[in-house]
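Notes follow once the structure below has been shown.
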Amino acid sequence: MQFKMNLIVGAAALGLAGTALAQEVVRIGHVGPTSGGIAHLGKDNELGARMAIDELNAKGVTIGGKKVKFELLAEDDAGDPKQGTAAAQKLVDSKVQGVVGHLNSGTTIPASKIYSDAGIPQISPSATNPRYTRQGFKTTFRTVADDVHLGGTLGRYAVSQLKGKTIAVIDDRTAYGQGVADEFEKGVKGAGGKVVGREFTHDKATDFTAILTSIKAKKPDVIFYGGMDAVAGPMLRQMKSLGINAKFMGGDGICTSELPKLAAGTITDSQVICAEAGGVEGEQKKGMEDFRAAFKKKFNADVQIYAPYVYDSVMVMAAAMVKAGSSDPAKYLPVLAKTEGYKGVTGTISFDNKGDIKNGALTLYTYKAGQREQLAVVR
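Take my numbering: the last position of the sequence shown gets the number 390, and nothing is skipped along the way.
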């Protein structure tokens, strides 16, 4: 009987010891469109998050004196606002301690209220619509420059560098596409340029004959498209078939390694000029090159656009937890908000009082022989 009692006590003690040694799990949510027309971009984002999570776990991070294990909870929003808010609520219900995402402004903005109401920090690695961080929420951050900077810079570039005299603008009516096109138009006009036409399509369109025929009659030397590469590719194909030889410009949504494939080889050298929010110069370039090589080795895939920004977003969030000594959102959120001078793969990250990245860089690219080629980093 005594022997049996000792066994019970011993087992109980082992159970307690096991509980004491159990690692605390820190859940980070990620949301992006991993299905639909821009699934290649959503998957790129998710892989960036997985890379960061794997590295954190390999390092063995300690928060508040306890070793923790990071866990990624990934959701698909298909680039749809309704699915985006459903995914956000699911992550809140799952008690995530932070969220990196969403990819599109149109899903990021409605989801941000759900995270704000729950007090969960959210860092978007790619949503550029200014409204995201201007809603008065304390939980919203982004690691890329916004459309005011991106669209305006491209608009000025179209006039001053490309010497565009007649410029046409098309957008896909999404929060991102319309927003960046509006800022581009302002940039053109501010630089003394002339917008000869503004047309609209939608983010799942495949036929642009009517709007391109209308634009062709105005003989533009530059066409700007506010939207994503899945639509820009077919649009470039149809421009070619209609004999439109204008320069083609766009924001980070079209600035992908996939664009030449989506355009089916119809892009001529230096025809496309696009900008990606973010950028590294000098000694920081090596860090980005190393990241791209490590990403390729790990996933057997090239970085599309945003994976490095997702990676940095996860790392910045984890760094704030470590500094605060807690993964409790209420405790590490004030520390995250004061992030200053974090050395990331994408450059130095500091947040302003809205949660926007300070002094955000832009990288201008073109395409030659089907490959993306950097033109310049501007601020």
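Idealized CB from N, CA, C, for every residue including glycine.
Practice item. Counting only runs of 4+ residues fully inside the segment 159-188, write out the alpha helix (DSSP H) ranges in chain order. Key: If we require 4 residues or more, the segment 159-188 turns out to have no alpha helix (DSSP H) run fully inside it.
Practice item. Select from G289, G293, R383 and K379 the residue whose C-alpha is nearest the C-alpha of T154. Key: Working through the sequence shown from its first residue, we reach residue 154 at position 143. For the residues G289, G293, R383 and K379, the minimum Cα distance to T154 belongs to G289.
Review point. Contact check, G117 vs A186 under 8 Å by CB: the rounded distance?
Key: Walking along the sequence shown from the start, residue 117 turns up at place 106. Walking along the sequence shown from the start, residue 186 turns up at place 175. Yes, G117 and A186 are in contact; Cβ-Cβ is about 4 Å, under 8 Å.
Exercise for review: List the whole-angstrom C-beta distance separating G162 from D232, where the pair is believed to meet the contact cut-off of C-beta under 8 Å.
Suggested key: Sequence index remark: in the sequence shown, residue 162 carries index 151 (1-based). Sequence index remark: in the sequence shown, residue 232 carries index 221 (1-based). Contact doesn't hold; Cβ gap of about 19 Å is too wide.
Review point. Opposite Q133 in the DSSP bridges: which residues?
Key: As a working mapping, residue 133 is identified with position 122 in the sequence shown. According to DSSP, Q133 shares a beta bridge with V110 and T151.
Check your understanding: Going along the chain, which residues of its own chain have a beta-carbon closer than 8 Å to the beta-carbon of E82, five neighbours each way excluded?
Key -> Locating residue 82 in the sequence shown gives position 71, where the first residue counts as 1. Counting only Cβ-Cβ distances below 8 Å, and skipping sequence neighbours, we find V36, V37, R38, I39 and I64.
Check your understanding: Does the beta-carbon of K296 have 16 or more other beta-carbons within 10 angstroms, so that it is buried, or is it exposed?
Key -> Residue mapping note: residue 296 aligns to position 285 of the sequence shown, counting from 1. Counting Cβ neighbours within 10 Å, K296 comes out exposed, since fewer than 16 surround it.
Review point. Counting only beta-carbon atoms, is T154 nearer than 8 Å to chain D?
Key: Here there is only one protein chain, and chain D is not present.
Point to revise | C-beta atoms of L52 and Y322 nearer than 8 Å | key: Working through the sequence shown from its first residue, we reach residue 52 at position 41. Working through the sequence shown from its first residue, we reach residue 322 at position 311. In this structure, L52 keeps its C-beta atom at 8 Å or more from the C-beta atom of Y322.
Point to revise | the segment 352-364 / the segment 243-258 touching (three or more Cβ pairs under 8 Å) | key: Segments in contact, no.
Review point. What are the boundary residues of the alpha helix (DSSP H) that includes V79?
Key: Within the sequence shown, numbered from 1, the residue matching residue 79 stands at position 68. Counting along the chain, V79 sits inside no alpha helix (DSSP H); it lies in the beta strand (DSSP E) bounded by residues K77 to D87.
Check your understanding: When burial is assigned at 16 or more other CB atoms within 10 Å of the CB, is G381 buried or exposed?
Key -> For the purposes of this step, residue 381 is taken as the residue at position 370 of the sequence shown. The residue is exposed, with fewer than 16 neighbouring Cβ atoms inside 10 Å.
Review point. Out of A179, A169 and P340, which has the shortest C-alpha to C-alpha gap to A286?
Key: As a working note, residue 286 is residue 275 in the sequence shown. Cα-wise, what sits closest to A286 is A169.
Review point. Expressed to the nearest angstrom, what Euclidean distance is found between the alpha-carbon atoms of G204 and T96?
Key: Indexing the sequence shown from 1 puts residue 204 at position 193. Indexing the sequence shown from 1 puts residue 96 at position 85. Roughly 39 Å between the two C-alpha positions.
**Study point:** Given S337 as reference, the closest of G90, G238, G109 and T224 once Cα atoms are compared
**Key:** Within the sequence shown, numbered from 1, the residue matching residue 337 stands at position 326. Closest by C-alpha distance to S337, out of G90, G238, G109 and T224, is G109.
Exercise for review: Check whether the Cβ atoms of V191 and D158 sit closer than 8 Å, and answer yes or no.
Suggested key: For this step, residue 191 is matched to residue 180 along the sequence shown. For this step, residue 158 is matched to residue 147 along the sequence shown. Their beta carbons are under 8 Å apart, which means V191 touches D158 by this criterion.
Exercise for review: Would you mind working out which of N68, G201, N115 and T150 sits nearest D363, comparing C-alpha positions?
Suggested key: Residue 363 sits at position 352 when you count from the first residue of the sequence shown. Of the candidates N68, G201, N115 and T150, T150 places its Cα closest to the Cα of D363.
Check your understanding: Between the C-alpha atoms of G29 and K77, what's the straight-line distance to the nearest angstrom?
Key -> Your numbering for residue 29 matches position 18 in the sequence shown. Your numbering for residue 77 matches position 66 in the sequence shown. Residue placement at G29 is flagged as unreliable, the pLDDT there being 44, under the threshold of 50; the coordinate-derived value follows with that caveat. Straight across, the Cα-Cα distance linking G29 with K77 is about 14 Å.
Review point. Should E384 go down as buried or exposed, given a rule of 16 or more other Cβ atoms within 10 Å for buried?
Key: Residue mapping note: residue 384 aligns to position 373 of the sequence shown, counting from 1. Label assigned to E384: exposed.
Exercise for review: Measure the beta-carbon distance from Q133 to V79 and round it to whole angstroms, keeping in mind my assumption that it falls under 8 Å.
Suggested key: Numbered from 1 along the sequence shown, position 122 holds the residue referred to as residue 133. Numbered from 1 along the sequence shown, position 68 holds the residue referred to as residue 79. Not quite, the Cβ-Cβ distance comes to about 20 Å (not below 8 Å), so this is no contact.
Practice item. Check the DSSP bridge columns for D320 and list the partner residues they point to. Key: For the purposes of this step, residue 320 is identified with residue 309 of the sequence shown, where counting begins at 1. In the sequence as presented, Asp is not what sits at residue 320; that position holds Tyr. Residue pairing by DSSP places Y320 in no beta bridge whatsoever.
Review point. Which parts of the segment 213-261 are runs of the beta strand (DSSP E), unbroken and 3 residues or longer, counting only runs that do not cross its ends?
Key: The segment 213-261 contains these whole beta strand (DSSP E) runs: 233-237 and 258-261.
Review point. Distance, Cα to Cα, Y320 vs G47?
Key: Numbered from 1 along the sequence shown, position 309 holds the residue referred to as residue 320. Numbered from 1 along the sequence shown, position 36 holds the residue referred to as residue 47. Between the C-alpha atoms of Y320 and G47 there is a straight-line separation of about 22 Å.
Practice item. Please classify N17: does DSSP put it in a helix, a strand, or coil? Key: Indexing the sequence shown from 1 puts residue 17 at position 6. Its pLDDT being 47, under 50, N17 is placed unreliably in this model, and the coordinates cannot settle the point.
**Study point:** Backbone secondary structure at K379 - three-state DSSP
**Key:** Reading the sequence shown from its first residue, position 368 is the one you call residue 379. Correct three-state label for K379: strand.
Review point. Should A304 be labelled buried (16 or more other beta-carbon atoms within 10 Å of its own) or exposed?
Key: Here residue 304 is taken as the residue at index 293 of the sequence shown, counted from 1. Exposed, since its Cβ has fewer than 16 Cβ neighbours within 10 Å.
Check your understanding: With respect to the alpha helix (DSSP H) encompassing V346, which residues constitute its N-terminal and C-terminal limits?
Key -> Within the sequence shown, the letter at position 335 stands for residue 346. Element bounds for V346: P340 to A348.
Practice item. Count the other C-beta atoms from every protein chain shown that fall within 10 angstroms of the C-beta of M16, then say buried if there are 16 or more, exposed otherwise. Key: What you label residue 16 is simply residue 5 of the sequence shown in a count that begins at 1. Because the pLDDT of M16 is 41, which lies under 50, any placement of that residue in the model is unreliable, and the number read from its coordinates should be weighed accordingly. Counting the other CB atoms within 10 Å of its CB gives M16 a total below 16, which places it among the exposed residues.
Review point. For A288, which of helix, strand or coil comes out of DSSP?
Key: Your numbering for residue 288 matches position 277 in the sequence shown. The answer is strand: DSSP assigns A288 an E or B state.
Review point. Which residue comes first and which comes last in the alpha helix (DSSP H) that contains I64?
Key: Counted from its first residue, the sequence shown places residue 64 at position 53. For I64, the uninterrupted alpha helix (DSSP H) segment begins and ends at A50 to K70.
Check your understanding: Where does G264 sit, in a helix, a strand or coil, going by DSSP?
Key -> As a first step, residue 264 must be located in the sequence shown, where it is residue number 253. Here G264 sits in coil by DSSP.
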